[in-house]
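These notes concern the structure reproduced below.
In my numbering, the protein residues as written are 134 to 224.
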């Protein structure tokens with residue numbers, strides 16, 4: 134999963150801007166760790182991860198982005214969704 138990110142662990146961890154003091158402390162602690170330590174830490178403190186984390190063979194999405202999340206739906210579903218949306222606009 135991390136090999137699909139541009140910035141490694143930093144891409145999957147929550148921002149420290151709007152979080153509790155405890156979560157902020159955990160994120161700062163994580164940022165000081167070496168990679169192997171950080172992986173173990175994340176498995177024990179998963180609340181520091183952004184959600185959802187969606188991984189496919191060659192696609193990766195962190196957090197909820199309504200436009201980008203569609204790429205993980207099967208093509209037939211995306212196409213039917215587009216047609217349905219267009220149909221509703223015509224009514």
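Quick reminder that beta carbons are idealized off the backbone N, C-alpha and C, glycines included.
Quiz prompt | Residues near residue 135 by beta carbon distance below 6 angstroms, same chain, minus five either side | solution = The residue you call residue 135 lines up with position 2 of the chain shown. Around residue 135: 141.
Quiz item: Taking the continuous beta strand (DSSP E) assigned at residue 160, which residues delimit it?
Solution: As a first step, residue 160 must be located in the chain shown, where it is residue number 27. In the DSSP assignment, residue 160 falls outside any beta strand (DSSP E) and lies within the alpha helix (DSSP H) extending over 154-164.
Quiz item: Which stretch, first to last residue, makes up the alpha helix (DSSP H) that contains residue 172?
Solution: In the chain shown, the residue the question calls residue 172 occupies position 39. First-last of the alpha helix (DSSP H) with residue 172: 168-177.
Practice problem: Confirm the yes/no value for this check: CB of residue 153, any heavy atom of the ligand PLP, distance under 8 angstroms. | Solution: Looking for the ligand PLP in the displayed structure turns up nothing, as the structure carries no ligands at all.
Quiz prompt | Three-way DSSP call (helix, strand, coil) for residue 145 in this model | solution = If you number the chain shown from 1, residue 145 lands on position 12. DSSP places residue 145 in coil when its eight states are reduced to three.
Quiz prompt | Presumed contact (8 angstroms Cβ cut-off) between residue 183 and residue 195, rounded CB distance | solution = Along the chain shown, read from residue 1 onward, the residue named residue 183 stands at position 50. Along the chain shown, read from residue 1 onward, the residue named residue 195 stands at position 62. About 5 angstroms separates the two Cβ atoms, so the contact holds.
Quiz item: Cα-Cα, which of 180, 168, 165 and 144 is closest to residue 155?
Solution: Walking along the chain shown from the start, residue 155 turns up at place 22. It is 180 whose Cα lies nearest to the Cα of residue 155.
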